[in-house]
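Chemist: Residue numbers (my numbering): 1 to 256.
For every residue, glycine included, the Cβ atom is placed at its ideal position computed from N, Cα and C.
Please read all numbers here as calculations on a predicted model, not as lab measurements.
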Amino acid sequence: MSSRKKLIAGNWKMNKTSADALALVADIVTAVGRQTDVEVVVCPPFTSLEKVAAELEGSTVKLGAQNMHQEASGAFTGEISAPMLRAIFATHVILGHSERRAYFGETDALVNKKVISALKNQLRPILCVGETLAEREAGSTLKVVQTQVEAGLEGVSKELAASVVIAYEPVWAIGTGKVATTEQAQEVHAFIRGLLVKLFGDTVATKVRILYGGSMKPSNAPELLAQKDIDGGLIGGASLEARSFVELVTAAAAIK
Ligand code: PGA
């Protein structure tokens with residue numbers, strides 16, 4: 001049994017108008033807004049963050065953003081900063097998602113700056129790492145993940161490291177319906193835990209939650225979530241409907 005509370009985070013990506021977001025979050029709050037067995041986070045698009053924050057008031061469900069700029073303020077047209085997210089009571093921010101890396105050119109160095117900025121502003125980064133299909137087939141999965149974890153967390157102090165969440169998301173499993181096998185996922189999660197031991201020591205490594213992401217859904221979640229080093233899920237597609245998202249929270253709560 002693990003001392004880490006499971007975490008289920010919904011990454012809504014570029015989906016939902018504010019009205020749709022509000023309807024979805026209302027259903028989520030009704031179903032799981034009072035439970036404390038599982039930490040639940042929803043990450044809507046920027047346009048509905050504030051309304052969703054208001055809907056979450058008084059519930060146990062937390063608010064996350066999907067990205068942010070590394071600077072606190074300034075002439076960065078179109079960007080949003082960590083202090084702005086804190087000001088609307090966000091607690092988490094997804095950083096370095098593979099879609100940001102692939103379509104928006106985010107490098108490990110940039111992701112690292114964002115991680116540092118998030119932590120400085122009391123936001124918990126959900127740092128995403130994971131290999132592409134070509135990298136897996138070339139046998140370089142662990143090397144790729146190691147680089148992304150080490151570079152992403154460079155300069156993070158031991159004290160702050162425990163509040164980081166890592167999401168292992170094999171790129172080939174995201175939105176494809178192809179889920180990693182429990183063995184494939186657990187192998188990488190255990191490897192990441194080992195890296196954290198080397199970087200920050202046992203106590204911190206034991207506290208950090210490592211989520212799995214990539215086509216996680218109610219049918220495959222129980223087996224994945226039962227793995228020793230899988231502490232929850234970062235959910236895309238299945239987070240867009242209250243029913244499947246709530247089922248995932250229930251699946252996480254059932255693991256003892
Ligand atoms: P998916 O997305 O659940 O739709 O595969 C996961 C993610 O990209 O975080």
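According to DSSP, residue 110 sits in a beta bridge with which residue or residues?
Modeler: Locating residue 110 in the sequence shown gives position 110, counting from the first residue. Residue 110 pairs with nothing; no bridge assigned.
Chemist: Could you tell me which whole beta strand (DSSP E) segments of length 3 or greater appear in the region 136 to 186?
Modeler: Correct list: 165 to 168.
Chemist: At a Cβ threshold of 8 Å, is residue 87 touching chain D?
Modeler: Among the chains in the structure shown there is no chain D, since it carries only a single protein chain.
Chemist: Tell me which residues share the same chain as residue 4 and place their Cβ nearer than 6 Å to its Cβ, disregarding the 5 neighbours each side in the sequence.
Modeler: Position 4 of the sequence shown, counted from the start, is the residue given in the question as residue 4. These residues qualify, in order along the chain: 209 and 231.
Chemist: Helix, strand or coil: which one does DSSP assign to residue 221?
Modeler: If you number the sequence shown from 1, residue 221 lands on position 221. Looking at residue 221 - three-state DSSP - the assignment turns out to be helix.
Chemist: Ignore the nearest five residues each way along the sequence and tell me which others in residue 263's own chain have a CB closer than 7 Å to its CB.
Modeler: No answer is possible for residue 263: the residues shown for the chain start at 1 and end at 256.
Chemist: Below 7 Å, is the gap between the Cβ of residue 257 and the nearest heavy atom of the ligand PGA?
Modeler: Since the first residue shown for the chain is 1 and the last is 256, residue 257 is missing from the structure and cannot be characterised.
Chemist: Based on DSSP bridge pairs, tell me the residues matched to residue 92.
Modeler: The residue given as residue 92 occupies position 92 in the sequence shown. DSSP, once it has assigned bridges, lists 64 and 124 as partnering residue 92.
Chemist: List the DSSP bridge partners of residue 212.
Modeler: Residue numbering aside, residue 212 sits at position 212 when the sequence shown is read from its first letter. DSSP, once it has assigned bridges, lists 168 and 233 as partnering residue 212.
Chemist: With the cut-off set at 8 Å, would you say residue 115 and residue 142 are in Cβ contact?
Modeler: Within the sequence shown, numbered from 1, the residue matching residue 115 stands at position 115. Within the sequence shown, numbered from 1, the residue matching residue 142 stands at position 142. No, they are not a contact pair.
Chemist: Below 8 Å CB to CB, which residues in the same chain sit around residue 17 once its five sequence neighbours on both sides are set aside?
Modeler: The count along the sequence shown starts at 1 and reaches residue 17 at position 17. Closer than 8 Å at the Cβ level, and outside the excluded window around residue 17, lie 47 and 48.
Chemist: Would residue 249 and residue 38 be called neighbours here (beta carbons separated by less than 8 Å)?
Modeler: Translated into the one-based positions of the sequence shown, residue 249 becomes position 249. Translated into the one-based positions of the sequence shown, residue 38 becomes position 38. Yes, these two residues count as a Cβ contact at 8 Å.
Chemist: Rounded to whole angstroms, what's the CA-CA distance from residue 153 to residue 125? Just pull it up for me.
Modeler: Translated into the one-based positions of the sequence shown, residue 153 becomes position 153. Translated into the one-based positions of the sequence shown, residue 125 becomes position 125. Cα-Cα distance, rounded: 10 Å.
Chemist: Let me check understanding here. Comparing Cα to Cα, which of 204, 225 and 219 lies closest to residue 276?
Modeler: Missing from the structure shown is residue 276; the chain here goes from 1 to 256 and no further.
Chemist: Quick test of your reading: residue 150 and residue 214, contact by CB under 8 Å. State the CB separation rounded to the nearest angstrom.
Modeler: One-based indexing of the sequence shown puts residue 150 at position 150. One-based indexing of the sequence shown puts residue 214 at position 214. In fact, because the Cβ distance is near 21 Å, the residues do not count as touching under 8 Å.
Chemist: Is residue 97 near the ligand PGA, going by C-beta to nearest heavy atom under 7 Å?
Modeler: What you label residue 97 is simply residue 97 of the sequence shown in a count that begins at 1. At least one heavy atom of the ligand PGA is nearer than 7 Å to the Cβ of residue 97, so yes.
Chemist: Can you give me the C-alpha to C-alpha distance between residue 198 and residue 20, rounded to a whole angstrom?
Modeler: As a working note, residue 198 is residue 198 in the sequence shown. As a working note, residue 20 is residue 20 in the sequence shown. Taking the straight line joining both Cα atoms gives about 44 Å.
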